[in-house]
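Each residue of the sequence shown is one higher than the last, beginning at 15 in my numbering.
Even glycine gets a Cβ: it sits at the ideal position worked out from N, Cα and C.
One structure below.
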Amino acid sequence: MPDTLGLTRRQFLAGGAGIGISVLAVPVAAQQAAEATIPGQRILRLREGQAYLRGAEQAPTAIWGYDGAIPGPLIRGRRGERLDIRVINELQQPTAVHWHGLRIDNRMDGAAGLTQAPIPPGGRFDYSFVPPDAGTFWYHPHANTSEQLDRGLSGLLIIDEPVPVDVDRDVALAIDDWRLDDKGQIVGNFGNPMDAMHEGRLGAHLTVNGLPSADIPVKVNERLRLRLANVANSRIMVLRIGGLPVHVVAIDGQPCEAFLLDKGRVLLAPAARCDVMVDATGAPGSAVDITLEGYGQSQTIARIVHDKGEPARPKPREARPSLPANPLPATMDFRQAMRMEVPIEGGAMMMGGGGGAGHTHAMGRGIWQLAGKASDGHSGPPLFSVRRGTVVVLGFPNKTMFPHAMHLHGHHFRLLDNLDDGWKPYWLDTVLIGENRTARIAFIADNPGKWMIHCHMIEHQETGMAIWFEVT
Ligand code: C2O
Ligand code: CU
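Structure representation (structure tokens):
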């Protein structure tokens with residue numbers, strides 16, 4: 015039964031995993047138990063820390079982390095079972111924690127200024143929710159996010175299926191980028207207009223689970239479930255898992271019909287997750303590279319390393335990989351749908367007239383516009399308000415020179431075909447929309463409350479690309 019970030023209990027006890035992953039298997043339960051006031055409540059502290067982002071041989075980097083660690087502790091729950099998490103803010107600035115991709119009670123969504131007051135320095139907030147879906151999710155700040163997320167505040171949140179999935183290994187990789195100076199410290203120019211009006215804050219230093227690379231040990235013919243998560247502020251990630259058959263089994267946490275990847279290539283928008291299953295059919299002792307490409311870089315960030323010893327079984331599993339479905343609607347009735355266009359405008363090299371807000375470019379907060387105006391996603395009236403159960407179809411014509419990663423809170427959505435209301439065979443919570451392209455999404459607004467829609471390139475979100483809507 016897998017119980018840590020990438021380690022089964024057996025491996026953890028045996029200490030048998032590579033450094034990239036074992037460093038995550040630090041139990042914090044004992045200390046927490048003493049302080050919890052609600053039985054089973056977990057304590058999560060935002061604090062300063064140190065991380066060996068450049069490897070153990072180099073000086074550490076000063077970071078902010080949940081429990082002072084990169085990534086934050088793995089939070090693992092089970093579908094349909096309540097999670098209680100007390101967040102204690104030991105930083106010098108207010109925060110809030112968003113449980114990205116979970117379709118939970120609105121009051122627990124963590125959108126500071128919209129669903130809760132920010133947690134002040136020294137303050138705390140008790141989160142309590144029941145995850146309706148099994149899958150790979152993550153948590154991160156939703157206040158001054160460019161700085162807080164970039165300094166290291168993020169962690170993975172895994173909700174287990176009601177019945178264990180038939181795999182030998184379950185490994186999660188939180189992939190991040192960092193802008194470091196020559197002493198290995200985080201460059202503090204957060205939210206500068208050059209980043210904000212272009213592709214957001216990128217960093218040339220890449221990490222997996224807080225280290226420059228990770229080795230994933232497998233035995234020949236084992237089946238590995240690999241949970242890939244892009245936790246970077248703004249980087250679009252192209253991953254390649256070379257040489258082994260890779261099946262995608264879930265996207266953004268939600269199971270999909272399994273499909274074999276072409277050349278093992280996975281595209282991850284900022285905030286996106288992808289669960290793949292890999293049968294370790296390489297030769298004993300061989301290693302398979304996982305490389306990250308994009309922005310003129312190509313780097314091996316992890317390796318799947320086959321054990322030299324006996325295969326786990328004479329042949330790989332024959333059963334096609336799959337995951338049990340989550341309770342999402344099977345159909346949507348488009349006849350009564352609420353349809354709206356939400357043009358994306360602004361940024362550098364803006365085409366045409368933009369959203370009538372071109373003159374605000376220099377003002378920072380107004381670099382980007384959604385639906386004709388720059389907004390912070392909580393001030394002002396909602397973009398729309400619908401009754402619970404309404405089918406909502408949103409079109410996002412991207413009229414800018416940059417791709418954007420539009421994220422919807424509290425709901426998963428379908429990506430619609432270009433010419434009609436047919437949809438792609440998967441669910442998303444974040445959709446990457448290329449420059450000069452239009453994406454249309456559909457969802458049933460079945461979760462009451464106030465929900466944000468924003469670009470998950472955080473520097474875009476914080477300079478205008480955030481709106482909210484209401485489900486009554
Ligand atoms: Cu992961 Cu509002 O975002
Ligand atoms: Cu964007």
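Considering L163, what are the terminal residues of the alpha helix (DSSP H) in which it resides? Note, L163: alpha helix (DSSP H), T159 to D164.
Measuring from the CB of M346, is there a heavy atom of ligand 1 at a distance below 7 Å? With a cut-off of 7 Å, the C-beta of M346 is classified as distant from ligand 1, since no heavy atom of the ligand falls inside that distance.
How is F427 classed by DSSP in three states: helix, strand or coil? Here F427 carries a strand assignment [DSSP, helix/strand/coil].
Return the first residue and the last residue of the beta strand (DSSP E) that D98 is part of. L97 to N103 is the span of the beta strand (DSSP E), which, as asked, contains D98.
How about H470 and A285: are their beta carbons less than 8 Å apart? Cβ distance < 8 Å, so H470 and A285 count as in contact.
Looking at W441 and H426, is the spacing between their C-beta atoms short of 8 Å? Result yes, Cβ atoms of H426 and W441 sit closer than 8 Å.
Anyone know if the C-beta pair for V280 and L242 falls short of 8 Å? Contact: yes.
Using three-state DSSP, classify H491 as helix, strand or coil. In the structure as shown, the chain begins at 15 and stops at 486. Residue 491 is therefore absent and cannot be evaluated.
Kindly examine ligand 3 and report whether one of its heavy atoms sits closer than 7 Å to the Cβ of C270. Judged by which ligands are present, ligand 3 is missing from the structure shown, whose ligands are ligand 1 and ligand 2.
Nearest-residue set for ligand 2, Cβ under 7 Å from any heavy atom: Proximity annotation: ligand 2 has residues G214, W382, F416, H418, A419, C469, M471, H474 and M479 in chain order, each selected because its CB is closer than 7 Å to a heavy atom of the ligand.
Since L282 and L240 are thought to touch, with beta carbons under 8 Å apart, how far apart are those beta carbons, to the nearest angstrom? That pair is no contact at about 12 Å.
Give the secondary structure of Q383 by DSSP, where H, G and I count as helix, E and B as strand, and everything else as coil. Looking at Q383 - three-state DSSP - the assignment turns out to be strand.
For E236, which of helix, strand or coil comes out of DSSP? Of the three classes helix, strand and coil, the one that applies to E236 here is coil, per DSSP.
Could you compute how far the alpha carbon of A301 sits from the alpha carbon of K464? In this structure, the CA atom of A301 is about 47 Å from the CA atom of K464.
Coil, strand or helix - M415 by DSSP: Coil.
Tell me the residue span of the beta strand (DSSP E) that contains I84. Element bounds for I84: n/a, residue is neither H nor E.
Just the Cα atoms here: how many angstroms apart are T374 and G256? Below a pLDDT of 50, predicted positions are generally treated as unreliable, and T374, at 43, falls in that range; the measurement from the model is reported next regardless. One alpha carbon belongs to T374, the other to G256, and they sit about 46 Å apart.
Ordered along the chain, which non-local residues of its own chain (more than five positions away) have a Cβ less than 8 Å from that of P298? Only V234, H320, D321, K322, G323 and P325 meet the Cβ criterion.
Beta-carbon proximity of R237 to R331, cut-off 8 Å: Contact flag set, yes.
Label E95 either buried or exposed according to how many other C-beta atoms from any shown protein chain fall within 10 Å of its C-beta, with 16 as the threshold for buried. The Cβ neighbour count for E95, taken over all protein chains shown within 10 Å, is under 16; the residue is labelled exposed.
Which class does H154 belong to by DSSP, given the choice of helix, strand or coil? Look at H154 here: in three-state DSSP terms it is strand.
Please report how far the alpha carbon of R68 lies from the alpha carbon of L430, in whole angstroms. Going by the C-alpha atoms only, they are around 42 Å apart.
Just to check, is the beta-carbon of A110 closer than 7 Å to a non-hydrogen atom of ligand 1? Outside the cutoff, so no.
When every heavy atom of ligand 1 is checked, does at least one fall within less than 7 Å of the C-beta of M466? Yes.
Kindly indicate which three-state DSSP category Q120 falls into: helix, strand or coil? Note that residue 120 is Asn in the sequence shown here, rather than Gln. In this structure, N120 counts as helix in the three-state DSSP scheme.
For L397 and I304, the rounded distance between their alpha carbons: In this structure, the alpha-carbon of I304 lies about 41 Å from that of L397.
At a threshold of 7 Å, does A285 count as lining ligand 1 (C-beta to nearest heavy atom)? Because some heavy atom of ligand 1 lies under 7 Å away, the Cβ of A285 counts as near it: yes.
Per DSSP, the bridge partner or partners of G169: Assignment of beta-bridge partners to G169 by DSSP yields Y153.
Taking 8 Å as the threshold (C-beta atoms), are D460 and R401 in contact? Contact flag unset, no.
Determine contact between the stretch 53-61 and the stretch 100-107, defined as no fewer than three beta-carbon pairs at a distance below 8 Å. Contact between the stretch 53-61 and the stretch 100-107 is present: 3 or more CB-CB pairs across the two stretches fall below 8 Å.
If we require 3 or more residues per run, which beta strand (DSSP E) segments fall completely within the stretch 251-337? Segments of the beta strand (DSSP E) lying fully in the stretch 251-337: 251-255, 260-265, 268-274, 279-282, 287-293, 301-308 and 311-320.
H423 beta carbon near ligand 1 (any heavy atom closer than 7 Å): Because some heavy atom of ligand 1 lies under 7 Å away, the Cβ of H423 counts as near it: yes.
First and last residue of the beta strand (DSSP E) that includes A188? Per DSSP, the continuous beta strand (DSSP E) segment holding A188 begins and ends at R183 to W192.
C-alpha gap between S248 and T221, whole angstroms: Taking the straight line joining both Cα atoms gives about 15 Å.
Use the C-beta contact count for V407: other C-beta atoms within 10 angstroms, 16 or more gives buried, fewer gives exposed. Burial call: buried.
Exposed or buried, V485, counting other C-beta atoms within 10 Å across all chains shown (16 or more means buried)? So V485 counts as buried.
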